[in-house]
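This report concerns only the one structure given below.
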Amino acid sequence: MMIKNIAVIGAGTMGNGIAHVFAQYGFNVTLTDISEAALGKAIETISKNADRQVSKGIITQATKDRILSTLHTSTSIETGVAKADLAIEAATENQAVKLKIFKELDAFTPPSCILATNTSSISITAIAAVTGRAEKVIGMHFMNPVPVMKLVEVINGYATAKEVTGEIVHIARQLDKIPCIVNDYPGFVANRVLMPMINEAIYSLYEGVAGIGEIDTVMRSGMAHPMGPLQLADFIGLDVCLSILKVLYEGFGNPKYAPCPLLVNMVAAGRLGVKSSEGFYKYTPGSKELVPAF
Numbered sequence: 000m001m002i003k004n005i006a007v008i009g010a011g012t013m014g015n016g017i018a019h020v021f022a023q024y025g026f027n028v029t030l031t032d033i034s035e036a037a038l039g040k041a042i043e044t045i046s047k048n049a050d051r052q053v054s055k056g057i058i059t060q061a062t063k064d065r066i067l068s069t070l071h072t073s074t075s076i077e078t079g080v081a082k083a084d085l086a087i088e089a090a091t092e093n094q095a096v097k098l099k100i101f102k103e104l105d106a107f108t109p110p111s112c113i114l115a116t117n118t119s120s121i122s123i124t125a126i127a128a129v130t131g132r133a134e135k136v137i138g139m140h141f142m143n144p145v146p147v148m149k150l151v152e153v154i155n156g157y158a159t160a161k162e163v164t165g166e167i168v169h170i171a172r173q174l175d176k177i178p179c180i181v182n183d184y185p186g187f188v189a190n191r192v193l194m195p196m197i198n199e200a201i202y203s204l205y206e207g208v209a210g211i212g213e214i215d216t217v218m219r220s221g222m223a224h225p226m227g228p229l230q231l232a233d234f235i236g237l238d239v240c241l242s243i244l245k246v247l248y249e250g251f252g253n254p255k256y257a258p259c260p261l262l263v264n265m266v267a268a269g270r271l272g273v274k275s276s277e278g279f280y281k282y283t284p285g286s287k288e289l290v291p292a293f
């Protein structure tokens, strides 16, 4: 099938990044969110990120102008997905929310439309089961920040058709991304490997093995990680990390995935990382200095 019209549901960090990249590579994009304010903020973010690309010579000013001209917004999911060839859900990492959205996508998109989710851990098979087109449901897990990171985890549900997988791989390559096909098990590959590492780093802090800066320095300087695991957890969002660990723990029933009590308490206290200005580090607008929060 010829895929040209893209619907992105959710105007947060991942949603606006996905919309940006599709528009950059010539697709028609409609970004949908129930919040008009979130949509306005998303367009502002996309414009600023495109300006940064122009300043670095990654894209031209003409490409930036085209990105903004091919982007449309909607506060109605019915209107936003009516002509979609591919709909990508990028809402919060909550299964109940995603299932509700997919029921609506199934009802409002054309029958030929592929339904993708940007979930980082939730079962594609469970999401597909609430639709009448399980063969057209697939995971398309982008990495943050989407305009920069190359990987797209392409996750097959139990019933995903091979033709649909092939189409999504082709589209990912059109976006200059690197698609990796994986199967539908809790956490897939990226977060099944990453989250236990982050959780172990939090346990190391919790048990007094070392401080925040020391743990991150070991992983940056000793393991060549561009960002330490505690800083990365702040960047992802501690609430998101906790949610994914719960999916892993419940999905496998293995205590090695049990979230560290320190992580649970920090999320309960609203210390969510960058998004709340404090997690393992304190974040001051305009400052790039890493200051441990405790």
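Be aware that the sequence shown starts at 0, since it is given in numbering that gives the first Met the number 0, and climbs by one per residue.
For each residue, glycine too, the CB sits at the ideal point set by N, CA and C.
Where the beta strand (DSSP E) containing residue i begins and where it ends
i, result
"residue 195", "No beta strand (DSSP E) contains residue 195, which is instead part of the alpha helix (DSSP H) from 189 to 205."
"residue 251", "Here residue 251 belongs to no beta strand (DSSP E); instead the alpha helix (DSSP H) covers 237 to 251."
"residue 73", "70 to 73"
"residue 218", "Element bounds for residue 218: n/a, residue is neither H nor E."
"residue 178", "177 to 182"
"residue 14", "Note, residue 14: premise wrong, no beta strand (DSSP E); alpha helix (DSSP H) at 12 to 23."
"residue 87", "85 to 88"
"residue 293", "Premise fails: residue 293 is in no beta strand (DSSP E) and is neither H nor E."
"residue 6", "4 to 8"
"residue 116", "113 to 116"
"residue 150", "150 to 155"
"residue 138", "136 to 141"
Residue j beta carbon less than 8 Å from that of residue i
i, j, result
"residue 150", "residue 139", "no"
"residue 70", "residue 45", "yes"
"residue 9", "residue 88", "yes"
"residue 29", "residue 79", "yes"
"residue 185", "residue 250", "yes"
"residue 27", "residue 48", "no"
"residue 294", "residue 192", "Limits of the chain in this structure are 0 at one end and 293 at the other, which puts residue 294 out of reach."
"residue 212", "residue 291", "yes"
"residue 144", "residue 16", "yes"
"residue 234", "residue 285", "no"
"residue 174", "residue 20", "yes"
"residue 188", "residue 134", "no"
"residue 190", "residue 111", "no"
Separation of residue j from residue i, as counted between CA atoms
i, j, result
"residue 252", "residue 63", "47 Å"
"residue 194", "residue 106", "34 Å"
"residue 68", "residue 170", "21 Å"
"residue 221", "residue 130", "47 Å"
"residue 42", "residue 96", "23 Å"
"residue 35", "residue 74", "7 Å"
"residue 258", "residue 210", "19 Å"
"residue 264", "residue 232", "15 Å"
"residue 247", "residue 121", "9 Å"
"residue 182", "residue 256", "19 Å"
"residue 204", "residue 159", "41 Å"
"residue 61", "residue 37", "26 Å"
"residue 146", "residue 56", "14 Å"
"residue 18", "residue 239", "21 Å"
"residue 25", "residue 166", "17 Å"
"residue 104", "residue 81", "9 Å"
"residue 40", "residue 11", "9 Å"
Buried/exposed call for residue i, threshold 16 Cβ in 10 Å
i, result
"residue 269", "exposed"
"residue 208", "exposed"
"residue 23", "buried"
"residue 154", "buried"
"residue 172", "exposed"
"residue 66", "buried"
"residue 32", "buried"
"residue 1", "exposed"
"residue 288", "exposed"
"residue 77", "exposed"
"residue 99", "exposed"
"residue 132", "buried"
"residue 101", "buried"
"residue 6", "buried"
"residue 283", "exposed"
"residue 83", "buried"
"residue 14", "buried"
"residue 59", "exposed"
Residue i CB to nearest heavy atom of the ligand HEM below 7 Å
i, result
"residue 148", "Here there are no bound small molecules, and the ligand HEM is not part of this structure."
Boundaries (first-last residue) of the alpha helix (DSSP H) holding residue i
i, result
"residue 169", "161 to 173"
"residue 77", "76 to 79"
"residue 39", "35 to 54"
"residue 98", "94 to 107"
"residue 127", "123 to 127"
"residue 348", "Residue 348 is absent from the model: the chain starts at 0 and stops at 293."
"residue 265", "260 to 267"
*Do the region 224 to 239 and the region 188 to 204 touch if we need at least three Cβ pairs shorter than 8 Å?*
Contact holds: three or more Cβ-Cβ distances are below 8 Å.
*With contact counted as at least three CB pairs below 8 Å, one residue from each stretch, are the region 208 to 218 and the region 163 to 180 in contact?*
The region 208 to 218 vs the region 163 to 180: no contact.
*asked:* Quick check: the region 238 to 250 against the region 86 to 96, are at least 3 beta-carbon pairs closer than 8 Å?
replied: Verdict: yes, contact present.
*Three CB pairs or more closer than 8 Å across the region 270 to 283 and the region 114 to 127*: The region 270 to 283, when compared against the region 114 to 127, does not touch it at the 8 Å Cβ threshold.
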